[in-house]
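Beneath this line is the structure, given in structure tokens, with notes to follow.
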Amino acid sequence: MKRYTKTDVIRALLEELEDAGGSMRDADLFRNLKKEFPDLSSKEFMKYLLILEFNGCIIVTSIDENVRTVELLKKCFESENIE
């Protein structure tokens, strides 16, 4: 049963990136978020990355076939502006 909102995950995701110096691999980011949100699926995680990328908060770059880097472009803690 989910006990978190989209806003909770997005805030945690952005904070995690900021704490990591603004950039990290998507697998590491997902692993760290799973500690706080055990029910978070990889599909949901990818959806949140897409939302943040669409809103200009992050950029996701493919390094290898299954390896991506997520970079923080600007702070987007006003989650009500993120659709």
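Using this note's numbering, read the sequence shown as starting at 9 and increasing by one per residue.
Yeah, the Cβ is synthetic: ideal placement off N, Cα and C, and Gly gets one too.
Beta strand (DSSP E) segment containing residue i, residue limits
i: ASP6; result: Only positions 9 to 91 of the chain appear in the structure, and residue 6 is not among them; the question remains open.
Residue i, enclosing alpha helix (DSSP H) - first and last residue
i: SER50; result: 50 to 62
Cβ neighbours of residue i in the same chain (closer than 8 Å, five flanking residues each side left out)
i: GLY29; result: none
Reference residue i; option with closest CA among the options
i: TYR56; options: LEU37, SER70 and GLU26; result: LEU37
i: ARG135; options: MET32, LEU22, ASP27 and LEU25; result: An answer regarding residue 135 cannot be provided, because it is not within the stretch 9 to 91 covered by the chain.
i: VAL17; options: GLU26, LEU41, LEU25 and ASP27; result: LEU41
Exposure of residue i, with buried meaning 16 or more beta-carbon neighbours within 10 Å
i: ASP34; result: buried
i: LEU58; result: exposed
i: ILE71; result: exposed
Neighbourhood of residue i by C-beta, 6 Å cutoff - its chain only, sequence neighbours within 5 removed
i: TYR6; result: Beyond the ends of the chain as shown, which are 9 and 91, falls residue 6; an answer cannot be given.
i: LEU25; result: LEU80
i: PHE53; result: PHE38
Cut-off 7 Å between Cβ atoms - residues of its own chain near residue i, not counting five sequence neighbours on either side
i: LEU48; result: VAL17, LEU41 and LYS42
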